[in-house]
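Notes follow the structure.
Now the structure itself:
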C-alpha cells in the first residue's frame with residue numbers, strides 16, 4: 221500500500237506531464253488542487269486513520285487503474301464503507317502540499333456475487349426487530365404511521381426527488397414503480413403488500429410534488445399510486461427512521477441542492493418486524509417481490 225501511495229505522490233509532479241500529449245489541458249492545469257471522478261471497490265477500511273484501500277478504475281485524465289490507500293474526508297460513511305462496497309467519489313489532488321484524499325463519497329453497491337456480506341452493525345435495524353412508530357405525510361396529504369401497514373408485508377426505501385444519479389434514487393423509484401404496477405394489477409396482492417418511499421428532503425419534497433413524481437414513474441395513464449406511498453416528514457422524524465435502518469445522508473457542502481447518501485431497502489412483515497434489508501442497489505423488483513411474499517404468513 222505504501223508503494224501505491226508513493227506512486228500517487230510521485231504522480232503529483234510527473235503524471236500530469238505524461239498525460240499532456242493525450243489529455244485535455246484543463247485536467248493538467250497548475251491549479252493547487254485538481255479534482256477527478258473516482259470509482260472503485262473497497263478492499264479494506266481503517267477507521268483509526270480514516271482511510272480505505274480501494275481498487276479503483278481508471279481516473280480519466282490522471283492515472284490508470286490500481287489499488288491504493290486513500291484518506292476519506294466524509295464523516296458519515298464509516299458504518300457503510302465495508303470491504304466489497306462499490307463507491308463513486310471525488311479524488312482531490314493537492315499539488316501544493318503533496319496530498320490527496322476522497323470527498324463526496326457515494327456507496328452504490330455492497331458485496332458482489334460470491335463475496336461475504338458486510339457485517340451487520342449492532343446499532344442499526346436487526347432482523348426480527350419491530351420498526352419504531354413514525355408520523356409522516358403521504359402524497360395525498362394524509363398522515364401515516366407504521367400502524368397503517370399492520371397486516372401487510374411492507375417494503376420501505378429512501379429517496380429524494382431531485383437526486384440526479386441513475387443508480388441511486390432513480391433506480392430505487394424505478395424498481396418500486398415497476399413492482400407497484402405488478403401489484404396494482406393483482407387484487408389479491410393489493411390486499412397483502414404495500415410499498416413506501418420516504419423522502420429525506422423535507423424542505424423541497426412536498427406531498428403534492430411527491431405525488432407528481434410517483435405518477436411520473438407509473439406512466440401517463442396512472443390515476444393514483446395504489447399500493448405505493450411516497451411520504452415525507454420533519455427532518456427529525458425522517459432522521460429517526462433512517463437511523464433505525466442504518467441509512468446515512470447529508471447535504472453536499474458545495475451544492476446544497478444535492479444530498480450524499482447510502483442506499484437501504486427493507487422488508488417488514490405484517491407484524492411490523494424487519495425481515496430483510498437490502499443494502500446498495502443490486503436487487504431487482506423480482507427480488508423484492510420474492511422477499512415480500514416470503515414475509516407473509518403461510
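Residue numbers (my numbering): 221 to 518. C-beta: ideal position from N, C-alpha, C; glycine also. All values reported here derive from a predicted model rather than from experimental measurement.
C-alpha gap between residue i and residue j, whole angstroms
i	j	result
residue 310	residue 380	21 Å
residue 384	residue 478	8 Å
residue 366	residue 268	38 Å
residue 426	residue 351	24 Å
residue 286	residue 435	44 Å
residue 370	residue 258	43 Å
residue 283	residue 276	10 Å
residue 488	residue 481	22 Å
residue 504	residue 511	11 Å
residue 270	residue 322	11 Å
residue 502	residue 319	34 Å
residue 236	residue 254	With a pLDDT of 35 at residue 236, under the threshold of 50, the predicted position of this residue should be treated as unreliable, and no value is reported.
Buried or exposed by the 16-neighbour rule on C-beta atoms within 10 Å, applied to residue i
i	result
residue 439	exposed
residue 514	exposed
residue 407	exposed
residue 294	buried
residue 280	exposed
residue 314	exposed
residue 411	exposed
residue 362	exposed
Cβ-Cβ separation, residue j to residue i (assumed contact under 8 Å), whole Å
i	j	result
residue 378	residue 418	5 Å
residue 265	residue 304	That pair is no contact at about 10 Å.
residue 415	residue 400	6 Å
residue 453	residue 356	4 Å
ask   = Counting pairs of beta carbons, one from the region 455–475 and one from the region 385–394, are three or more of them closer than 8 Å?
value = Contact between the region 455–475 and the region 385–394 is absent, because fewer than three Cβ pairs lie under 8 Å.
Contiguous beta strand (DSSP E) assignments of at least 3 residues, all confined to the region 462–490 = Within the region 462–490, the beta strand (DSSP E) runs of at least 3 residues that lie entirely inside it are, in chain order, 469–471, 479–481 and 484–488.
request  = Can you check the region 340–413 for any beta strand (DSSP E) of at least 3 residues that lies completely inside it and give the ranges in chain order?
outcome  = Taking only runs of at least 3 residues, the beta strand (DSSP E) segments lying wholly in the region 340–413 are 356–358 and 373–379.
inquiry  = If we require 4 or more residues per run, which alpha helix (DSSP H) segments fall completely within the region 418–460?
reply    = Here the runs fully enclosed are 427–438.
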